[in-house]
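Colleague:
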Amino acid sequence: VAPTLDAGPDRTLVEGSRYTMTPARFSDPGWNRTYTAAIDWGDGTTEPAKGIMMITSKGVEGSLRTGTIQAVHHYADDGTYVLKVCVSDGAATVCDMVLVTIQNVNPALKKETFLEPRIKFLSGSDAFLGRKTAQQTHAASATDPGSDDLRYDWAFPGTPDRFSGTLLPMPPTESTTTF
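First residue of the sequence shown: 12, per this note's numbering; consecutive thereafter.
1) Let me check one thing: in DSSP terms, what residues is I66 bridge-paired to?
2) Can you tell me which of the three DSSP states W52 falls into?
3) Tell me the DSSP secondary structure of A87 in three-state form.
4) At the level of alpha carbons, what is the spacing between L94 and G70?
5) Comparing alpha-carbon positions, which option in D155, V83 and G90 lies nearest W54?
6) Going by the CB atoms, is the gap between V111 and R29 shorter than 9 Å?
7) Considering only C-alpha positions, which residue in the set M32, S68 and R36 is nearest to R44?
8) Can you tell me the Cα-Cα spacing of N191 and V96, whole angstroms?
9) My output table needs one value for A60: the three-state DSSP class, helix, strand or coil.
10) Give the straight-line distance between the Cα atoms of P40 and G78, rounded to the nearest whole angstrom.
As structure tokens, this is what we get:
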């Protein structure tokens, strides 16, 4: 007779979080069997046997043997993943699935933006000082808990009383731009 398995409820987490499985519970009438477990995280990776924690009750003839399966995983990016947990008693294998939804987290701009080594501005500042006709280099950096591609957009609206023309970064999406 095959074991029965309940991998637990569907889960939702935010990007960058560590996912700790709700213990998957199994039972089996084969009281004197040895059990193995397998986990497919649904993102192209499987858990090696040494990463799976399995706890089983001591078998007693005539009663069900029970156990739990648990592991920890980090999903690299937002998305919906089908987590597949399997347990085998050596004679039969049974699997159950859990839907894991990882929600996106917006990237965070680092607190400081550097124009040149002596001048420092906090992100979100809406003004900076510069000399007309003097070359300026602007740089920014950000972090993202997922594997999203980051893009930096610069906005320098040209105001006639402040600039002689429009200042557009070339190219507009690089993290460091020279004007």
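Beta carbons are placed, not taken as given, at the ideal position from N, Cα and C, and that holds for glycine. From a predicted model like this one, the values you see are computed outputs, not experimental measurements.
Modeller: This is what the structure holds:
1) T79
2) coil
3) coil
4) 28 Å
5) Looking at the sequence provided, one finds Asp at residue 54 rather than Trp. The residue with the shortest Cα to Cα distance from D54 is G90.
6) no
7) S68
8) Outside the modelled stretch of the chain, which goes from 12 to 190, sits residue 191, for which no answer is possible.
9) helix
10) 12 Å
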